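Visitor: Residue numbers (UniProt numbering): 1 to 222. Using N, Cα and C, we set each Cβ at its ideal position, and we do this for glycine too. What you are looking at is a predicted structure, and each value in this text was computed from that prediction instead of being measured. The structure's right below; bear with me while I get my questions together.
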């Protein structure tokens with residue numbers, strides 16, 4: 001029997017998790033701070049930060065591994081054959097897309113198969129978070145959705161903060177090791193790969209169709 005009330009991580013951890021066995025998402029206090037969240041952030045930044053993370057963790061329940069568990073956290077084949085076939089077709093698009101990315105600093109490609117679960121969650125998470133933010137905008141005053149000195153709308157801030165949360169600097173040795181073993185794509189490609197597939201990003205930033213950040217072929221699982 002799995003104890004669904006027991007936390008297996010410390011509150012100071014800056015991370016979030018989806019547990020397949022518990023069918024729960026967990027957010028320690030450590031991640032509920034900038035750049036993911038601050039009470040005085042414009043809503044666009046909140047949705048583009050912690051909102052995307054929430055969407056990401058929910059989507060893990062329907063990625064290549066999470067889909068194999070039912071609502072009670074039991075390993076169980078609950079999808080129909082057609083749904084599984086369609087899922088594999090859509091996931092393959094992401095696998096091929098991310099496998100084409102190369103980390104120039106070490107001249108190594110990403111492993112699209114190994115990172116597919118996280119890439120599915122990234123792409124699904126940002127889509128749902130943006131929908132939630134648009135819904136909030138439709139019911140609230142958007143005049144405060146700006147930052148002093150920054151000529152950006154709330155919709156633009158959503159994507160700016162999404163990109164900001166994945167800023168980082170990695171040593172070449174670490175990059176090589178992670179590219180061979182890690183289930184997450186490097187931060188740079190978590191941003192580029194996700195936004196290339198986002199029709200919302202292309203619309204907000206007026207990216208020309210067929211340009212690098214608005215390719216004609218886009219991948220979408222959820």
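1. In chain order, which continuous runs of the alpha helix (DSSP H) of length 4 or greater are located wholly inside the stretch 141-214?
2. Mind checking which residues open and close the beta strand (DSSP E) that includes residue 25?
3. Quick one: give me the first and last residue of the beta strand (DSSP E) that residue 220 is part of.
4. Would you tell me roughly how many angstroms separate the C-alpha atoms of residue 221 and residue 141, rounded to the nearest one?
5. Can you tell me where the alpha helix (DSSP H) with residue 138 in it begins and where it stops?
6. For the alpha helix (DSSP H) that residue 19 lies in, which residues bound it at each end?
7. Report buried or exposed for residue 45, applying the criterion of at least 16 other Cβ atoms within 10 angstroms of its Cβ.
8. Tell me which residues share the same chain as residue 17 and place their Cβ nearer than 6 Å to its Cβ, disregarding the 5 neighbours each side in the sequence.
9. Residues in the same chain with beta-carbon distance under 6 Å from residue 66, minus the five sequence neighbours each way, listed in chain order, please.
10. Might you give, ordered along the chain, the residues of its own chain that have their beta carbon closer than 8 Å to the beta carbon of residue 36, omitting 5 neighbours on each side?
11. Kindly give me the distance between the Cβ atoms of residue 193 and residue 101, rounded to whole angstroms, as I take these residues to be in contact under 8 Å.
12. Looking only at C-alpha atoms, which of 180, 195, 173 and 212 sits nearest to residue 126?
Guide: Reading off the structure:
1. Within the stretch 141-214, the complete alpha helix (DSSP H) runs of at least 4 residues are 154-164, 172-181, 187-196 and 199-204.
2. Start and end: 24-26.
3. From DSSP, residue 220 is part of no beta strand (DSSP E); its letter is neither H nor E.
4. C-alpha of residue 221 to C-alpha of residue 141: approximately 32 Å in a straight line.
5. Segment 116-139, the alpha helix (DSSP H) holding residue 138.
6. Following the DSSP letters along the chain, one finds residue 19 in no alpha helix (DSSP H) but inside the beta strand (DSSP E) bounded by residues 17-19.
7. So residue 45 ends up on the buried side.
8. So the qualifying residues of the chain are 26.
9. Closer than 6 Å at the Cβ level, and outside the excluded window around residue 66, lie 20 and 60.
10. Only 49, 50, 53 and 165 meet the Cβ criterion.
11. With a Cβ gap of about 7 Å, residue 193 and residue 101 count as contacting.
12. The option with the nearest alpha carbon to residue 126 is 195.
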